[in-house]
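Q: Handing you a structure now.
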Amino acid sequence: MSLFEALSNSVSAPLPEPSKHVGSSVQAVPSVPSGTPAVEPLADVLHDLRAQFGRYICVMDDLDLDLLTLFTVHTHLAFETYTTPRLQVDSTMPGSGKTTLLEHLSRYCLNPIQAASLSSPALLTRMLSNGIRTILIDEVDRSLDPKKDGVGELVAVLNSGYKRGATRPVLVPGKGGDWEVAEMPTFSPVVMAGNAPALPDDTKSRCIRILLMPDLQGTAETSDWEEIEEDAQALAERIRDAADNARDYVKAIRPELPQGCIGRIKERWNPLKRVAAAASPEWEAIADKLILRDIAEMEMDREDGMTNLPPAVILLQDIAKVWPGDRVFIASTLLVEELVEHNPHMWGPMSSYGKVLTVQRFGRMLVQAFKIHSTRQGDSKRGYFRHQFDVPFRRMNLTPPPGTDGTDGTAQPTAWDAA
């Protein structure tokens, strides 16, 4: 009998067979002792939780109800998933249901704590000194306003706490009235609700965003907690039991992720995909839809200029676009001229820098960002070989110009040669 068969026979709510790691090894699922009480299937709990959100929360896209469901259950399994994304609850105007959503999350998430504002990083870490808690921050557009003093430190704590093991030094009372430095944990699930908050880019990269709009048609039911509190408590208990039953399984599995889900995107979505994989193939498919939607939205944000990329990254992207496919070597002066013509708003006289891009500034940017130095081809002017950009192009997922491999020292004549 296989390990999975032993697990399936020991509980009445069997979990799906674990996914394989990349490679040949398969992650074993810890065995469950015989006599374990029957536990409701995780998929059924997810279904009922989604229905509960659907009754009281009005979202722009129904997939966001699935997102809320997976995130809520994941808070109970955050330690096992190693990373925990920040859920950004956004809206274009007040009265969109953000506070109502936080009220529901406070009933179902792990050890929730609601914070209308955060006064200090030390207070935030002390909240977590006795274990993981789900931090629910309302009015984040004001409480994390970058213009307020001390917000930078608060954001740094929230950023660091998305990965297990993160800590922050905090002064605590010691013997004799002295103060001692203690390393306190910052790892915790976080929900941030606000009207179009001005979050830093590094915080946004850790966030999964949902958008709420006012329910002017009255499709959502009123959250009368005097009437629905008892049902909410019963559902919360079912969530805890199902999460406990899936804990070892979620810790062990490594489900396959859609293409393009790498780096920070993977850190955001892998925890939710593991919860989905512990539930059913249907929930795995839903998680994949959410991931692909997120990747597509990020690409559209970049195309629409909504993403603030560092100037060096924009420079690399523009080099990839203007480099002729059959050229192996280009003089620095010609490359700079082509960049200015291609993207005058970034490299021309009207740029934020206030001056036309010079060969000297161009060279400094390449050295500082990518360690690429200019060189010569024979007795020619200083310039760059195409192969010098192979690694940064590949790492930044930029398509190399066709017909150039950077290995040959010769090139076909082009209009650039005449210049």
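Take 28 as the starting number for the sequence shown in my numbering and just add one per residue.
Just so it is clear, CB atoms sit at the ideal spot from N, CA and C, and this is done for glycine as well.
Owing to the predicted nature of the structure, the values given are computational and were not obtained by experimental measurement.
Go ahead and label Ile289 buried or exposed: buried means 16 or more other beta carbons lie within 10 angstroms of its beta carbon, across all protein chains shown.
A: One-based indexing of the sequence shown puts residue 289 at position 262. Exposed, because fewer than 16 other Cβ atoms sit within 10 Å of the Cβ of Ile289.
Q: Would you call the CB atoms of Leu181 and Arg113 closer than 8 Å?
A: Taking the first residue of the sequence shown as position 1, residue 181 is located at position 154. Taking the first residue of the sequence shown as position 1, residue 113 is located at position 86. In this structure, Arg113 does not lie closer than 8 Å to Leu181 by Cβ.
Q: Since Ala220 and Leu129 should fall inside the 8 Å C-beta cutoff, what is the C-beta to C-beta distance between them, to a whole number of angstroms?
A: As a working note, residue 220 is residue 193 in the sequence shown. As a working note, residue 129 is residue 102 in the sequence shown. Going by Cβ atoms, the distance from Ala220 to Leu129 rounds to 6 Å, so yes, they are a contact pair.
Q: Compute the beta-carbon to beta-carbon distance between Val217 and Ile140, rounded to the nearest angstrom, for a pair I have assumed lies under 8 Å.
A: Counting from one through the sequence shown, the residue named residue 217 turns up at place 190. Counting from one through the sequence shown, the residue named residue 140 turns up at place 113. Not confirmed; about 11 Å, so no contact.
Q: Between the region 274-288 and the region 299-308, are three or more C-beta pairs nearer than 8 Å?
A: Taking 8 Å as the limit for Cβ pairs, the verdict is that the region 299-308 does touch the region 274-288.
Q: According to DSSP, is Leu90 helix, strand or coil?
A: Here residue 90 is taken as the residue at index 63 of the sequence shown, counted from 1. Three-state result, Leu90: helix.
Q: Can the beta-carbon of Leu425 be found closer than 8 Å to that of Gln344?
A: Position 398 of the sequence shown, counted from the start, is the residue given in the question as residue 425. Position 317 of the sequence shown, counted from the start, is the residue given in the question as residue 344. Yes. Within cutoff.
Q: For Glu67 and Asp268, which I take to be in contact (beta-carbon distance under 8 Å), what is that distance rounded to the nearest angstrom?
A: If you number the sequence shown from 1, residue 67 lands on position 40. If you number the sequence shown from 1, residue 268 lands on position 241. 7 Å between Cβ atoms; contact.
Q: Looking at Thr110: is its Cβ nearer than 8 Å to the Cβ of Lys231?
A: Taking the first residue of the sequence shown as 1, we reach residue 110 at position 83. Taking the first residue of the sequence shown as 1, we reach residue 231 at position 204. No, they are not a contact pair.
Q: When we look at the beta-carbon of Arg403 and count the other beta-carbons within 10 Å, is it buried (16 or more) or exposed?
A: Here the question's residue 403 lines up with position 376 in the sequence shown. Exposed, because fewer than 16 other Cβ atoms sit within 10 Å of the Cβ of Arg403.
Q: His369 to Gly177, Cα distance in whole Å?
A: What you label residue 369 is simply residue 342 of the sequence shown in a count that begins at 1. What you label residue 177 is simply residue 150 of the sequence shown in a count that begins at 1. The straight-line gap from Cα to Cα measures roughly 41 Å.
Q: Which residues in the same chain as Leu226 place their Cβ atom closer than 6 Å to its Cβ, once the five residues preceding and following it in sequence are excluded?
A: Counting from one through the sequence shown, the residue named residue 226 turns up at place 199. Counting only residues of its own chain and dropping the five nearest sequence neighbours on each side, Leu226 has no CB closer than 6 Å to any other CB.
Q: Straight-line CA distance for Ala33 to Lys278?
A: Reading the sequence shown from its first residue, position 6 is the one you call residue 33. Reading the sequence shown from its first residue, position 251 is the one you call residue 278. With a pLDDT of only 40 at Ala33, under the threshold of 50, the placement of this residue in the model should not be trusted; the figure read from the coordinates follows. Approximately 18 Å between the Cα atoms of the pair.
Q: Kindly indicate which three-state DSSP category Asn297 falls into: helix, strand or coil?
A: In the sequence shown, counting from the first residue as 1, residue 297 sits at position 270. Here Asn297 sits in helix by DSSP.
Q: What are the start and end residues of the alpha helix (DSSP H) that includes Val367?
A: Residue 367 sits at position 340 when you count from the first residue of the sequence shown. Taken as a continuous stretch (DSSP letters only), the alpha helix (DSSP H) holding Val367 covers Ser359 to His369.
Q: Going straight from the alpha carbon of Gly62 to that of Tyr276, what length do you get?
A: For the purposes of this step, residue 62 is taken as the residue at position 35 of the sequence shown. For the purposes of this step, residue 276 is taken as the residue at position 249 of the sequence shown. Reliability of the predicted coordinates at Gly62 is poor, the pLDDT of 45 falling under 50, and the value obtained from them is presented with this limitation in mind. Going by the C-alpha atoms only, they are around 18 Å apart.
Q: If Gly124 sits next to Ile84, beta carbons under 8 Å apart, how far is it from one beta carbon to the other, in whole angstroms?
A: Here residue 124 refers to the residue found at position 97 of the sequence shown. Here residue 84 refers to the residue found at position 57 of the sequence shown. Rounded, the Cβ-Cβ distance is 6 Å, consistent with contact.
Q: Give the secondary structure of Tyr189 by DSSP, where H, G and I count as helix, E and B as strand, and everything else as coil.
A: In the sequence shown, counting from the first residue as 1, residue 189 sits at position 162. Coil.
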